[in-house]
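This report concerns only the one structure given below.
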Amino acid sequence: MKYSDIRINVVTGDIAMVSGFGIISKIIRALTGEKISHIAMFVWLGDGLVIAEFKEFKGFRLMPSSIWVEDVQAKGNQVFYGQAPHSVREASSEIARSVFRWRHKHYGSLSLPKIWWSKITKKPHKVNRVVCSTYVADMWGDYYKFPYTPSPGSFMEYCEYSALINGL
425 MKYSDIRINV
435 VTGDIAMVSG
445 FGIISKIIRA
455 LTGEKISHIA
465 MFVWLGDGLV
475 IAEFKEFKGF
485 RLMPSSIWVE
495 DVQAKGNQVF
505 YGQAPHSVRE
515 ASSEIARSVF
525 RWRHKHYGSL
535 SLPKIWWSKI
545 TKKPHKVNRV
555 VCSTYVADMW
565 GDYYKFPYTP
575 SPGSFMEYCE
585 YSALINGL
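So this is what it looks like as structure tokens:
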């Protein structure tokens, strides 16, 4: 599905899931046993559609979604679109207002083992530092609860729809 086709239906809270092929992505995929190594959230800010994400070595960042998709795909990664659960989509305005809540935080690499352990035990584990999946889970938090601390691939299980984004 083309990005332009998806863009007309995107609601704040919907997600982009990345199956990455870089070294860090391969490590994340190996540890989790999942296809997805990174997750980001679509957010409408006025008339502009942006991606809000937590990225290793960078922390919180926002960028126009079209540029983000093009950049991620140019690195040879696959990007999948997922509609957030209905309860999240209904709260899109509230989520958009809270998107900046973590903007001064750094990426929390030390949280990754806790997320991995949560996946194994199927029990939630509190993380103090944010990574991509815990950021989106926090944004969804008042409207959707995961049964355990989610890894990036966990979102694929809970999306109502997902499709590979093929170009702009």
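Just so you know, we're using our numbering here: the sequence shown kicks off at 425 and counts up by one.
Note that the Cβ used here is the ideal one computed from N, Cα and C, for glycine as well.
- For L486, the closest alpha carbon among the candidates Y568, A520, S516 is that of A520.
- By the C-beta criterion, the region 429–440 is judged to be in contact with the region 502–520, since at least 3 inter-stretch pairs fall below 8 Å.
- Per DSSP, the unbroken alpha helix (DSSP H) holding V560 starts and ends at 556–564.
- In the DSSP assignment, S516 falls within the alpha helix (DSSP H) that extends over 516–522.
- In the structure shown, E480 falls within a coil segment according to DSSP collapsed to helix, strand and coil.
- Inclusion of V523 and I463 in the CB contact set at 7 Å is not warranted, their separation being larger than that value.
- Counting of Cβ neighbours within 10 angstroms places G470 among the exposed residues, the total staying below 16.
- The region 554–570 makes contact with the region 477–496, as at least three CB pairs between them are under 8 Å.
- Scanning its chain for C-beta atoms nearer than 6 Å, with the 5 sequence neighbours on each side dropped, one finds around A587 the residues M425, Y505, in chain order.
- Shown here for D562: same chain residues with a beta carbon closer than 8 Å to its own, the five before and five after excluded, namely R525, W526, V554 in chain order.
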